[in-house]
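What follows is one structure encoded as structure tokens, with my remarks underneath.
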Amino acid sequence: AVDISQLRASTGVITLDEGFVNTGSTKSAVTFLDGEKGILRYRGYPVEQLAKDCDFIEVAYLLIYGELPSEEQLTNFRKKLRRHTMLHEDMRLFYDGFPRDAHPMAILSSVVGALSTFYQDSLDPHDKAQVDESILRLLAKLPTIAAFAYKKSIGQPFVYPRNDLTYCENFLQMMFSVPTEPYEIDPDFVEALNLLLIVHADHEQNCSTSTVRMVGSSNANMFASISAGISALWGPLHGGANEACVAMLEQIRKDGGNVKKYVDMAKDKSSSFRLMGFGHRVYKNFDPRATIIRASCEKLLAKRNIDDPIFDIAQQLQEVALNDEYFIERKLYPNVDFYSGVIYRAIGIPVQMFTVLFAIGRLPGWLAHWREMHESPSKRICRPRQIYIGHTEREFVPLEKR
Ligand code: ACO
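First residue of the sequence shown: 230, per my numbering; consecutive thereafter.
Laid out in structure tokens, this is it:
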């Protein structure tokens with residue numbers, strides 16, 4: 230790697246790398262990934278091990294603060310998080326204003342952005358105590374904001390957080406319990422959700438994380454930066470791919486299950502269709518997260534005796550694509566989104582909430598990067614250059630002569 234930050238703009242040297250394919254935007258100690266070998270580590274720990282032995286809050290602590298917490302640190306962290314799970318009552322009013330069919334990602338980014346209007350006492354990016362307070366507020370409130378968005382979309386009353394439950398249990402009860410009946414939290418669903426959140430927790434300089442860093446680099450507050458990250462995640466080429474992937478699998482099923490037809494369509498350069506859940510900017514091998522999720526998916530479906538035709542289609546599609554020259558040549562493998570949707574369906578999470586779940590999972594990564602950037606002595610505002618390809622100077626033509 231060549232460090233070109235030493236070259237000043239006055240030298241006239243500009244590197245052009247559209248889509249930042251080979252451009253490092255920062256040095257980072259949060260996540261290591263090797264796309265050729267299919268390795269992913271958070272703060273040095275293999276994601277496979279964290280997914281097996283940790284709960285999501287432990288992983289969040291690790292990502293944000295750099296070390297696995299001691300028992301005491303973890304207990305304290307959980308205790309502090311529990312203090313922040315409620316939303317300010319006035320924030321409920323926002324939900325009245327959104328249309329019933331609003332996408333929950335739009336609600337999520339709006340309400341998160343609006344946190345900066347309610348929690349003005351923790352907006353200073355240079356005050357460590359305020360930064361910690363905002364971290365707690367975001368981690369604790371995001372599931373509440375998300376579950377309220379879902380309840381709004383189905384016309385049910387909001388369910389308040391319960392602090393006697395774990396992070397994942399609490400989220401499931403806010404999503405699915407109703408005042409009229411008791412709700413039993415399914416431990417298999419809690420386990421699967423915990424694992425999904427962990428594998429999504431960070432992925433170095435992806436589009437949404439780079440957005441969070443970019444916005445944060447101007448010293449915009451943490452709520453504003455995270456809201457921008459949520460918007461970036463929403464796109465179908467990024468976090469929105471899990472929703473698009475299940476929609477595609479449904480479409481294939483309705484169309485008679487002819488997976489070959491869709492593989493051929495994806496290869497056809499005259500069409501814009503792509504196999505959703507396939508390919509990755511960095512992984513040119515199996516996405517290790519997809520491997521973990523696939524195993525969890527199989528386990529959950531078998532244990533619960535769920536026969537989901539979408540899962541069968543996914544398996545057939547993977548089989549055909551992985552043996553196709555086009556996909557082999559381009560090193561296009563299933564990514565994390567390929568199986569996550571099948572698990573979400575098994576848990577009963579509706580399609581439009583899939584990307585919201587991704588956002589809840591990715592939040593610790595965004596926070597870790599935001600914090601890392603602000604603590605870096607070499608932090609500068611992100612301000613890329615360009616190669617101008619427009620007109621040279623032109624003579625102005627007055628309106629009446631155009
Ligand atoms: N289906 C068919 N062809 C594909 C696919 C796909 N899913 N993905 C890439 N290709 C092809 C491209 O058409 C291109 O072919 P060409 O060289 O003949 O022009 C080649 O593979 C390289 O693809 P790029 O678009 O240059 O790869 P890039 O790194 O820019 O894009 C991306 C990566 C966006 C993930 C892409 O693979 C894609 O669109 N995948 C489908 C959407 C998806 O699953 N996104 C989730 C990403 S993971 C995440 O966000 C958690």
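We treat Cβ as the ideally placed atom computed from N, Cα and C, and that holds for glycine.
| Under the three-state reduction of DSSP, which class applies to T520: helix, strand or coil? | helix
| said: Could you tell me which whole alpha helix (DSSP H) segments of length 4 or greater appear in the segment 381-411? | reply: 396-405
| beta-carbon A261 near the ligand ACO non-hydrogen atom, thresh 8 Å | The question names Ala, but residue 261 in the sequence shown is Phe. Every heavy atom of the ligand ACO is 8 Å or more from the Cβ of F261, so no.
| message | Let's see if you can read the secondary structure: which residues bound the alpha helix (DSSP H) around D263? | response | Where D263 is concerned, there is no enclosing alpha helix (DSSP H), although the beta strand (DSSP E) it sits in stretches over T260 to D263.
| Which same chain residues, not among the five before or five after L394, have their C-beta less than 7 Å away from its C-beta? | Q402
| query | Hey, L337 and I576: beta-carbon distance below 9 Å or not? | reply | no
| request: Tell me, please, whether the segment 356-368 touches the segment 470-480 by the rule of three or more beta-carbon pairs shorter than 8 Å. | output: no
| query | Taking 8 Å as the cut-off, is the CB of P465 close to at least one heavy atom of the ligand ACO? | reply | yes
| task | Alpha carbon to alpha carbon, how far is A430 from A331? Give it in angstroms, no decimals. | result | 26 Å
| field | Spatial neighbours of A280 in its chain, beta-carbon cut-off 8 Å, leaving aside the 5 residues before and after | value | L424, I427, V428 and I521
| said: When you compare the CB positions of I293 and A597, do they come within less than 9 Å of one another, or not? | reply: yes
| Classification of N564 by the beta-carbon crowding that lies within 10 angstroms, buried from 16 upward | buried
| task | State whether the segment 538-558 contacts the segment 456-471, with contact taken as three or more CB pairs (one from each stretch) at a distance under 8 Å. | result | no
| If you check the beta carbons only, do A376 and F400 fall under 9 Å apart? | yes
| From this set, N448, T440 and M443, which residue's C-alpha is nearest D353's C-alpha? | N448
| said: Is L368 near the ligand ACO - that is, is its Cβ less than 8 Å away from at least one heavy atom of it? | reply: no
| Can we count H509 as close to the ligand ACO, meaning its CB is less than 8 Å from some heavy atom? | yes
| task | Please work out which residues of its chain come closer than 8 Å, Cβ to Cβ, to I578, disregarding the five sequence neighbours upstream and downstream, and give them in chain order. | result | M404 and L586
| task | Please indicate yes or no: does the CB of M334 lie closer than 8 Å to some heavy atom of the ligand ACO? | result | no
| query | From E190 to F502, what does the alpha carbon distance come to, in whole angstroms? | reply | As displayed, the chain neither begins before 230 nor continues past 631, which places residue 190 out of reach and without an answer.
| request: Starting from L546, trace the alpha helix (DSSP H) both ways and give me its first and last residue. | output: P538 to L551
| task | Mark L322 as exposed unless 16 or more other C-beta atoms lie within 10 angstroms of its C-beta, in which case mark it buried. | result | exposed
| task | Give me whichever residues DSSP pairs with P372 in a beta bridge. | result | Paired residue(s): none; P372 is not in a bridge.
| said: Give me the DSSP bridge partner(s) of P563. | reply: F507
| request: Pair every Cβ in the segment 246-253 with every Cβ in the segment 282-301, then say whether three or more of these pairs are closer than 8 Å. | output: no
| request: Determine the direct distance from the alpha carbon of E548 to that of M494, and round the result to whole angstroms. | output: 16 Å
| query | What did DSSP end up calling I414 once you bin it into helix, strand or coil? | reply | coil
| query | Quick one: does the C-beta of N552 sit closer than 8 Å to a heavy atom of the ligand ACO? | reply | no
| query | Exposed or buried, S460, counting other C-beta atoms within 10 Å across all chains shown (16 or more means buried)? | reply | buried
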